[in-house]
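Residue numbers (numbering that gives the first Met the number 0): 0 to 163.
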Amino acid sequence: MTAAAILPSLGLVPEIAVAAIPGDERVWVPQAADVWFRPLLLNTVSGGWCNLLRVRRSGVLSRHRHPMVVVGYVIKGKWRYLEHDWIAEEGSFVYEPPGEVHTLVVPEDCREMITFFNISGAMIYLDQAGQQIGYEDVFTKIEMCRRHYRDAGLGADYVDQFIR
Ligand code: FE
Numbered sequence: 000m001t002a003a004a005i006l007p008s009l010g011l012v013p014e015i016a017v018a019a020i021p022g023d024e025r026v027w028v029p030q031a032a033d034v035w036f037r038p039l040l041l042n043t044v045s046g047g048w049c050n051l052l053r054v055r056r057s058g059v060l061s062r063h064r065h066p067m068v069v070v071g072y073v074i075k076g077k078w079r080y081l082e083h084d085w086i087a088e089e090g091s092f093v094y095e096p097p098g099e100v101h102t103l104v105v106p107e108d109c110r111e112m113i114t115f116f117n118i119s120g121a122m123i124y125l126d127q128a129g130q131q132i133g134y135e136d137v138f139t140k141i142e143m144c145r146r147h148y149r150d151a152g153l154g155a156d157y158v159d160q161f162i163r
């Protein structure tokens, strides 16, 4: 029996191998004004997702809490958190510990930043007083993708290739 025949019998799901930065602009899902994400893996089993975040404006993006770990890698541009004195620049690796609250800012002199994030669990959005004003998890991300890909003409099921 070949490996290809054995693997489905073990319940293994297919791999994903794609160009992270897509050739088709419609693959970027609008998140807010001048902010997009590009889904790479939407993991409904462990609860989390991998994506690229692309920002083409400066200033505060969001204040948020991570209930679980986040890691990231800056592909282009730079950004920082108001709560820390380091700057994540092109080529930087970032680890965000569970429980941390921080405020994402893109500096004035950055026209575009693109960062790969592996987000476990959820993003909890907070106002300045620390009150929750929203959240995202893998299921809200899937819904955003479905709506956008349907409206953009790629078809709602375009997102399915990234869901595991
Ligand atoms: Fe964060």
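Don't be surprised by glycine CBs; every beta carbon is placed ideally from N, CA and C.
Residue i versus residue j: straight-line alpha-carbon distance, rounded
i	j	result
V100	H63	6 Å
A121	S8	31 Å
V28	C109	21 Å
P21	D84	32 Å
F138	S91	28 Å
V73	I113	6 Å
Residue i: first and last residue of the uninterrupted alpha helix (DSSP H) it sits in
i	result
A151	137-151
Terminal residues of the beta strand (DSSP E) in which residue i lies
i	result
G71	69-75
Q30	28-31
P38	34-42
S119	112-119
Whether residue i touches residue j by CB criterion (8 Å)
i	j	result
P66	K140	no
R163	V69	no
F116	G152	no
Own chain partners of residue i with C-beta closer than 8 Å, once the 5 adjacent residues on each side are dropped
i	result
Q131	I123, Y124, L125
Neighbourhood of residue i by C-beta distance below 7 Å, restricted to the same chain and skipping five residues each side
i	result
W35	W27, V28, P29, R53
R146	none
Own chain, CB closer than 6 Å to residue i, minus 5 neighbours either side, in chain order
i	result
L60	L103
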